[in-house]
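Under this note's numbering, the first residue of the sequence shown is numbered 714, with each subsequent residue one higher.
In this text, a Cβ means the ideal position worked out from N, Cα and C, and glycines have one as well.
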Amino acid sequence: MALIVQKYGGTSMGSTERIAQVAKRVAKWARAGHRMVVVPSAMSGETNRLLALAKELAPGKPTQDYYREQDMLAATGEQASSALLAIALQAEGQPAVSYAGWQVPIRTSNAYTKARIDSIDDQRVRADLDAGKVVIITGFQGVDADGHITTLGRGGSDTSAVAVAAALKADEAMIFTDVDGVYTTDPRIVPEARRLASLSFEEMLEMASLGSKVLQIRSVEFAGKYKVPLRVLSSFTPWDIDLAEEARSGTLITFEEDEHMEKAVVSGIAFNRDEAKISVLGVPDKPGIAYQILGAVADANIEVDVIIQNISKDGKTDLSFTVNHGDFARAMDLLKDKVAPALGAADVVGDPRICKVSIVGIGMRSHVGVASKMFRALSEEGINIQMISTSEIKTSVVIDEKYMELAVRALHRAFDLDQPSAA
């Protein structure tokens, strides 16, 4: 029998009725002989409620001491849902025990609100599994070297679940969510979008980084690094669905690339509305100029995505790049007030009304003409490409945000992603 780690999101844990359904599903797997570890999120909306309370009382200028207490507070959401799930399992006649991250312990860095997992001690968990118990571990949190509770940032329960699965060498990590798998693109934009039966870690990593919100990117990185098979599936199917059918459902994210995967030149279309473009115009074309611009942006803890430097003319060049929409105003102020004057740049201009659309597929490695097919499809719709970024298995373009949905539909159609043979 397998060792399975199951993760349930906030909507799955949203009420006592929903928690009772989760307990029935977990008990079904345990009764079939599987060793079960469950990582639940806080009940839907609970983390936001707790953080709003903290914000009401927060000092004018938050310090590290404030963020420590914020983590202490936010961690209670998962502690409550974990205990409730253990109680619900006991009501099902299934022995269960819940642990907070610090009790396992899950060791993390000391970066409050965005800690990273360093190690997990599996001794206590294995002893309970050997005793026939379902073990429930709070997601989203751990403890640093000084014993302070830390949280992993938004979506951290996905990362917790995959890290626990890696530490236990689990046969599979099953991420139960409010969608039934990974689709070729967002079905709300393209109704013909199909659920993918399988996807490589590389493809999922690209799709997560490019805007697909199904899985937190750090969880995919973790799964790929430690070769943890990952399955995304729905918690809204009936709990008593046949176990063998459930084990085959959803989308399996795997490190075992097969011929079937290679046949699909493009596996999915990802998009991200949350970007803005900045151009620094008329800077001297000399060594180190990109570093002087982008280094200052990085020092301000602003992440840069697509970067293009124009050809030099009269000893001057332009540098354009994209940043997160939330960082746009801060980046513009920094460049206009400090960087541009120091470099003698002619101007700094920005456009917050752009988006990024990407095609992703490991089959792109072995097929030529994929990018040109993408550009032709966009051209036929009258969509102008402002920036282009490529890697071995993806091509991204920056376009005007008003054309985003049209672009996604056109590309989905151009690469036959609505056809079953492309799965």
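Residue span of the alpha helix (DSSP H) that contains ASP871, given as start and end
Unbroken alpha helix (DSSP H) run through ASP871: 869 to 881.
Length of the line joining the Cα atoms of PRO772 and TYR779
For PRO772 and TYR779, the distance between alpha carbons rounds to 8 Å.
Going by beta carbon distance, what residues of the same chain come within less than 8 Å of LYS1115, once the five residues before and after it are set aside?
Counting only Cβ-Cβ distances below 8 Å, and skipping sequence neighbours, we find ARG1066.
Should the region 954 to 971 be called in touch with the region 1002 to 1021, which here means at least 3 C-beta pairs below 8 Å?
As far as the Cβ criterion goes, the region 954 to 971 does not touch the region 1002 to 1021, which means the pair count is below three.
So, are the CB atoms of VAL927 and VAL875 less than 8 Å apart?
Their beta carbons are not under 8 Å apart, which means VAL927 does not touch VAL875 by this criterion.
If you run the structure through DSSP and keep just helix, strand and coil, what is PRO997?
Of the three classes helix, strand and coil, the one that applies to PRO997 here is strand, per DSSP.
For the alpha helix (DSSP H) holding PHE853, just list the boundary residues, first then last.
Counted as a single uninterrupted DSSP element, the stretch harbouring PHE853 is not any alpha helix (DSSP H), since DSSP gives it neither H nor E.
How do the region 893 to 906 and the region 735 to 753 stand: do at least 3 beta-carbon pairs fall below 8 Å, yes or no?
The region 893 to 906, when compared against the region 735 to 753, does not touch it at the 8 Å Cβ threshold.
Suppose the cutoff is 6 Å on Cβ atoms and the five residues either side in sequence are ignored; what does the same chain contact list for LEU1130 look like?
For LEU1130, where only same-chain residues beyond five positions count, the Cβ hits under 6 Å are THR897.
Can at least three beta-carbon pairs, one atom from the region 1038 to 1048 and one from the region 995 to 1003, be found at a separation below 8 Å?
No, the region 1038 to 1048 does not touch the region 995 to 1003.
Separation of ASN1097 from LYS1029, as counted between CA atoms:
Across the structure, LYS1029 and ASN1097 are spaced so that their CA atoms are roughly 25 Å apart.
So, helix, strand or coil for SER822, using DSSP?
For SER822, the three-state secondary structure derived from DSSP is coil.
Considering only residues of the same chain and omitting the five flanking positions on each side of PRO1133, which have a CB-CB separation below 8 Å?
Closer than 8 Å at the Cβ level, and outside the excluded window around PRO1133, lie ARG907.
In the DSSP assignment, find the unbroken beta strand (DSSP E) run with TYR812 in it and report its ends.
Judged by DSSP secondary structure, TYR812 falls within the beta strand (DSSP E) whose first and last residues are 809 to 812.
Residue from ASP835, GLY869, SER795 with nearest C-alpha to ALA705:
Outside the displayed range of the chain (714 to 1136) lies residue 705, so it cannot be described from this structure.
Please tell me whether LEU946 and PHE889 are closer than 8 Å, where the distance is taken between their beta carbons.
The answer is yes: Cβ separation under 8 Å.
Along the alpha helix (DSSP H) that carries PHE889, what are the first and last residues, could you check?
Looking at the DSSP string, PHE889 is not in any alpha helix (DSSP H); the run it does join, the beta strand (DSSP E), is 885 to 890.
Expected contact under 8 Å - CB spacing of GLU1147 and ILE1072 to nearest Å:
This structure leaves residue 1147 out entirely; the chain is present only between 714 and 1136.
Go through its chain and collect everything with a Cβ distance to LEU766's Cβ below 8 Å, but skip five positions before and after it.
The residues LEU786, in chain order, have a CB closer than 8 Å to that of LEU766 in the same chain once the five nearest residues on each side in sequence are set aside.
In the structure shown, what three-state DSSP assignment does LYS1029 receive?
It is a strand residue.
Taking 8 Å as the limit between beta carbons, can you name the residues of its chain near ALA1123, skipping five residues before and five after?
So the qualifying residues of the chain are ALA1090, LEU1091, GLU1093, GLU1094, ILE1096.
To the nearest angstrom, how far is the alpha carbon of ALA813 from that of ASP871?
Going by the C-alpha atoms only, they are around 16 Å apart.
8 Å Cβ shell around ASP859 - same chain, five flanking residues per side excluded
Short of 8 Å from the beta carbon of ASP859, and not among the five residues preceding or following it, lie these beta carbons of its own chain, in chain order: ASN823.
Alpha carbon to alpha carbon, what distance is there between ILE1112 and ALA1127?
In this structure, the CA atom of ALA1127 is about 18 Å from the CA atom of ILE1112.
Quick check on the burial criterion: 16 or more other C-beta atoms within 10 angstroms. Buried or exposed for GLU730?
With fewer than 16 Cβ atoms within 10 Å of its Cβ, GLU730 is classed as exposed.
Distance, Cα to Cα, THR864 vs LYS741?
One alpha carbon belongs to THR864, the other to LYS741, and they sit about 31 Å apart.
Tell me the rounded alpha-carbon separation between GLU975 and ARG839.
For GLU975, the predicted model reports a pLDDT of 49, less than 50, meaning its position is unreliable and no value from the coordinates is stated.
Mind reading off the beta-carbon distance from TYR825 to ARG781? Whole number of angstroms is fine, and I expect it under 8 Å.
TYR825 to ARG781, Cβ: 6 Å. Contact.
Identity of the residue in LEU909, ALA879, PRO900, SER948 nearest SER932 by Cα
Among LEU909, ALA879, PRO900, SER948, the Cα nearest to that of SER932 belongs to ALA879.
CA nearest to the CA of ARG986, picked from LEU923, SER992, GLN1099:
Minimum Cα distance to ARG986 is reached at LEU923.
Just the C-alpha distance for ALA936 and GLY1057, rounded to the nearest angstrom, thanks.
Whole-angstrom Cα-Cα distance: 46 Å.
DSSP three-state assignment for GLY1063, whether helix, strand or coil:
Per DSSP, reduced to three states, the secondary structure at GLY1063 is strand.
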